[in-house]
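Comments concern the structure below.
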Amino acid sequence: RKEVEQDPGPFNVPEGATVAFNCTYSNSASQSFFWYRQDCRKEPKLLMSVYSSGNEDGRFTAQLNRASQYISLLIRDSKLSDSATYLCVVILNTGGFKTIFGAGTRLFVKA
Amino acid sequence: DTGVSQDPRHKITKRGQNVTFRCDPISEHNRLYWYRQTLGQGPEFLTYFQNEAQLEKSRLLSDRFSAERPKGSFSTLEIQRTEQGDSAMYLCASSSMARRSQSDTQYFGPGTRLTVL
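Protein sequence lines, in the order shown, are assigned to chains A and B. Here the first sequence is numbered in the numbering used here, starting from 414 and rising by one per residue. Here the second sequence is numbered in the numbering used here, starting from 4 and rising by one per residue.
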């Protein structure tokens, strides 16, 4: 079992739709959580951190469920420019810090 | 430009050759990371430095791979006797960790795309 798992998609949605991605992690030593966005042949860019209380940034909402060991990302009112791969990132604290990326979920937003 | 920079952006080499990549982190970031990414996968952690100390290495980092950060600023990643399976995007990231418990937000460079023929 992978340490961080995501549905690879692709998710094909029309503009204006709401779409949600989940990411599950297996290690209870997971300490910090992030969502990154990666465009084709570009580097990953931080989208948002994920906090236990949940957090929102404009059209994006992230949630963390430690009991069930998953994080989620909700995108409202999808734009064409939201088309990208969304990477779930978990940082483990096992004495040292280890960063684990999911394989990503591809999103296509169509007009 | 104060972001993470990497050089070269592209490298084509023949199997068996050695290659070296350079990463310049965001100024004053004390942590520097190397990752490898292949098509359809997320970045895979290779190693990281806190200042000049290499604190962790992945099992992916075979003895043909070596990374250095001699003065705690830029870093180099060398691959010796390259193999076709080494073809990938090599990403560098940096972060600033003031305290061990602080959340580690990493900022990525544009990557070096390696093709081994």
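Where is the CB? At the ideal position from N, CA and C, for every residue including glycine.
Report task. Anything in the segment 56 to 74 of chain B with a Cβ closer than 8 Å to a Cβ of chain A? List those residues in chain order, please. Result -> So the list reads L58, E59, given in the order they occur along the chain.
Query - Which of helix, strand or coil DSSP assigns to A:S491 - result: Looking at A:S491 - three-state DSSP - the assignment turns out to be coil, as it is neither helix nor strand.
Query raised in the report: Along chain B, in chain order, which residues have C-beta atoms closer than 7 Å to that of A:L500?
Result: Under the 7 Å cutoff, chain B gives G45.
Query - Closest residue to B:Q9 among B:G114, B:V119, B:T118 (Cα-Cα distance) - result: Here the closest residue by C-alpha is B:G114.
Requested in this report: Assign A:D470 to one of three DSSP states: helix, strand, or coil.
Outcome: A:D470: strand per DSSP, three-state reduction.
Report task. Compare the C-beta of B:F48 with all C-beta atoms of chain A and state if any pair is closer than 9 Å. Result -> Chain A, which has a Cβ nearer than 9 Å to the Cβ of B:F48, makes this yes.
Report task. Tell me the start and end of each unbroken beta strand (DSSP E) in the segment 37 to 111 of chain B that is at least 3 residues and wholly inside, in chain order. Result -> Those beta strand (DSSP E) runs which fall completely within the segment 37 to 111 of chain B and span 3+ residues are 47 to 53, 56 to 60, 68 to 71, 78 to 82, 91 to 98.
Report task. Give a yes or no on contact between the segment 469 to 489 of chain A and the segment 9 to 20 of chain B, applying the rule of three or more CB pairs nearer than 8 Å. Result -> Result no; under three Cβ-Cβ pairs closer than 8 Å.
Query raised in the report: Using DSSP with H/G/I as helix, E/B as strand and the rest coil, what is B:F13?
Result: It is worth fixing the name first, because residue 13 of chain B is His in this sequence and not Phe. Of the three classes helix, strand and coil, the one that applies to B:H13 here is strand, per DSSP.
Requested in this report: Compute the Euclidean distance between the alpha carbons of B:L42 and B:R116, then round it to the nearest angstrom.
Outcome: Rounded to the nearest angstrom, the two C-alpha atoms are 11 Å apart.
Query raised in the report: Which bits of chain A does B:T5 rub up against, with CB to CB less than 7 Å?
Result: Going along chain A, no residue has its Cβ under 7 Å from B:T5, so there is no contact; the nearest lies around 15 Å.
Query raised in the report: Taking 9 Å as the CB-CB cut-off, is B:F77 touching chain A?
Result: Not an interface residue.
**Report entry** Pick from B:M92, B:S99, B:M100 that is closest to A:P457, judged by C-alpha positions
**Finding:** Here the closest residue by C-alpha is B:M92.
Report task. Determine the contact status of A:Q451 and A:L493, defining contact as a CB-CB distance below 9 Å. Result -> With contacts defined by Cβ atoms closer than 9 Å, A:Q451 and A:L493 do not form a contacting pair.
Report task. Could you spell out the range, first to last residue, of the beta strand (DSSP E) harbouring A:S443? Result -> Segment 443 to 451, the beta strand (DSSP E) holding A:S443.
Report task. Label B:Q109 either buried or exposed according to how many other C-beta atoms from any shown protein chain fall within 10 Å of its C-beta, with 16 as the threshold for buried. Result -> B:Q109 comes out buried.
Query raised in the report: Whose Cβ in chain A lies nearer than 7 Å to the Cβ of B:P113?
Result: Residues of chain A passing the Cβ test: E456.
Query raised in the report: Can you find a CB in chain A that lies within less than 9 Å of the CB of B:L94?
Result: Between B:L94 and chain A, the shortest Cβ-Cβ separation is below 9 Å.
Report task. Determine, using beta carbons only, whether A:I504 comes closer than 9 Å to chain B. Result -> With 9 Å as the cut-off, A:I504 counts as an interface residue toward chain B.
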